[in-house]
Amino acid sequence: MTGPLPVAVSVKPRRRRPDSDVMPAQAMPLEGPLIDRYGRVHDDLRISVTDRCNLRCVYCMPEEGLSFLPRNELLTFDEITRLAQVAKSLGVSALRLTGGEPLVRKGLPSLVGRLAAVGFEDLAMTTNGTELAGVARELAAAGLRRVNVSCDSLRPERFAAIRRRGKLDVVLNAMTAAEEAGLTPLKVNVVLLRGHNDDEILDFASFARSTGRIVRFIEFMPLDAQGMWDRNRLVPGRQVFERISAVWPLEPVSDPSGTAPAERFRFADGIGEIGLISSVSEPFCGTCNRLRLTADGALRNCLFSDDEDTVRDLLRNGGTDADLSLLFRQAVWAKFPGHGINEPGFLSPARSMSMIGG
Ligand code: SAM
Ligand code: SF4
């Protein structure tokens, strides 16, 4: 590992509209699927259940000093379930729970049970894995289908340096527990930071081959609370592909939905699969089908946009399902064509990854 790990500097978020947003005004449809001005249908909702976390990953949160939402600002389980029902009525078929760390929210299995009862085709969760082993069976019994577990190093000291808290063996045991509970296929999220863990690309490829877990290499995105992102720190997906395929040839796996963020590859000898999430170097905005609900009840149509539509006030002030549906439609309709990271003048959004829900 070379050089010190990134340190906190100040953030100066500002609002922006990308130059590429040139679509003329059109009438927003009031029925049918959730569609935006560019024809993208949104059927995947990411719900953040908390902005709190028990880790402090260097690419996400500062070690100290981040303030969290007061508890009364968090959506209750009743409110989340109601919004999930509205989303389902608008054609949302896949739901993912995230955060912050979703498992630090008390009683999560009961929320999973309520969301499962709404009846989505897919119900998944992204977790850091530190609290997963003890609840994996309960979550599966409640209706969770699968989990993505984040793990940025297979070396204990480095894992501790990147995630600042938590232990590698706990997370590896949690992956096994999740598989035993049937939360599969299990995906492992790896954020690559140049000079810090990119020498483990082949180790992670070998891990994918030996465990059958789908390892997804994620480019570092300008969503850290410290504002320390810079392009030189990210490892482009293309380079990951070249390094792995030089040792183990890879073949593309087609995505029938055409909307998956990860470019999927299987090892040509049939043993295992990896994914590349090249959000910065090869944006996939043109096929984006995702909408996000923050823990305090704001709908966000893009990780990188500062535009938010608050549903919580409407929920708490007697809004009808029709009112809520309209807000969902407006949030999606206003989506920009792309995240604009590679446009001149791009500015990181005011809320960072853990506050939005990754
Ligand atoms: N706490 C959970 C976890 O770590 O899996 C769920 C929330 S976390 C925000 C969701 C995913 O976003 C994780 O895989 C994490 O590694 C990733 N992530 C966080 N900050 C990121 C950044 N600046 N760039 C790229 N990925 C990031
Ligand atoms: Fe917590 Fe996940 Fe952010 Fe790490 S990436 S600090 S585990 S929310």
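Once you know that position 125 of the sequence shown is 125 in our numbering, the rest is easy, because the numbers rise by one and skip nothing.
Ideal Cβ positions, reconstructed from N, Cα and C, are used throughout, including at glycine.
Hey, how far is the Cα of residue i from the Cα of residue j?
| i | j | result |
| --- | --- | --- |
| F304 | L111 | 27 Å |
| P13 | L291 | For P13, the predicted structure reports a pLDDT of 38, less than 50, and the residue's modelled location is therefore unreliable. The matter cannot be settled from this model. |
| A225 | T287 | 27 Å |
| P236 | S279 | 9 Å |
| E64 | C151 | 21 Å |
| N367 | A298 | Residue 367 lies beyond the stretch modelled for the chain, which goes from 1 to 358, so this question has no answer here. |
| N342 | E219 | 14 Å |
| A246 | P156 | 27 Å |
| N232 | R351 | 22 Å |
| T211 | D323 | 47 Å |
| S354 | V188 | 18 Å |
| F209 | R145 | Going by the sequence as given, residue 209 is Arg instead of Phe. Those two C-alpha atoms are separated by around 22 Å. |
| E308 | I356 | 10 Å |
| R329 | R105 | 28 Å |
| L103 | A268 | 36 Å |
| V7 | N173 | Residue placement at V7 is poorly supported in this model, since its pLDDT is 38, which falls under 50; the coordinates are not used for a value here. |
In the DSSP assignment, the alpha helix (DSSP H) including residue i goes from what residue to what residue?
| i | result |
| --- | --- |
| M353 | M353 to I356 |
| E64 | Unbroken run through E64: none, as it is neither H nor E. |
| E251 | From DSSP, E251 is part of no alpha helix (DSSP H) but of the beta strand (DSSP E) over L250 to V253. |
| F159 | P156 to R163 |
| S110 | L108 to V118 |
| K187 | Taken as a continuous stretch (DSSP letters only), K187 belongs to no alpha helix (DSSP H), being part of the beta strand (DSSP E) at K187 to L192. |
| F207 | I201 to T211 |
| G143 | Looking at the DSSP string, G143 is not in any alpha helix (DSSP H), and its letter there is neither H nor E. |
| S153 | No alpha helix (DSSP H) holds S153; DSSP gives it neither H nor E. |
| S89 | F77 to S89 |
| L74 | Per DSSP, L74 belongs to no alpha helix (DSSP H) and is neither H nor E. |
| E101 | Note, E101: premise wrong, no alpha helix (DSSP H); not H, not E. |
Where does the unbroken beta strand (DSSP E) through residue i begin, and where does it stop?
| i | result |
| --- | --- |
| F220 | It is not in any beta strand (DSSP E) - F220 carries neither H nor E in the DSSP assignment. |
| D122 | D122 to T127 |
| I274 | E273 to I277 |
| S48 | D44 to S48 |
Are there any heavy atoms of the ligand NAD lying less than 7 Å away from the beta-carbon of residue i, as far as the coordinates show?
| i | result |
| --- | --- |
| L97 | In terms of ligand content, the structure shown lacks the ligand NAD and carries the ligand SAM and the ligand SF4 instead. |
Under a CB-based cut-off of 8 Å, is residue i close to chain D?
| i | result |
| --- | --- |
| N317 | Within the model displayed, chain D is absent; a lone protein chain is all it includes. |
Length-filtered (3 minimum) beta strand (DSSP E) runs lying within the segment 284-335: Given a length threshold of 3 residues, each whole run of the beta strand (DSSP E) inside the segment 284-335 is given here in chain order: 290-293, 298-300 and 308-310.
- prompt: Below 8 Å, can you find three or more Cβ-Cβ pairs linking the segment 334-344 to the segment 298-312?
  reply: Between the segment 334-344 and the segment 298-312 there are three or more inter-stretch CB-CB distances shorter than 8 Å, so the stretches are counted as touching.
message: Under 8 Å, with one C-beta from each stretch per pair, do the segment 309-318 and the segment 265-280 reach the 3-pair mark?
response: Contact fails between the segment 309-318 and the segment 265-280, because fewer than three Cβ pairs, one in each stretch, are under 8 Å apart.
query: Does the count of Cβ pairs from the segment 189-198 and the segment 247-260 closer than 8 Å reach three?
result: Too few Cβ pairs lie closer than 8 Å, so no.
task: Spell out a yes or no on whether the segment 163-173 and the segment 49-57 are touching, meaning 3 or more CB-CB pairs, one atom from each, closer than 8 Å.
output: Yes, they touch.
query: Are three or more beta carbon pairs between the segment 118-126 and the segment 85-95 nearer than 8 Å?
result: Segments in contact, yes.
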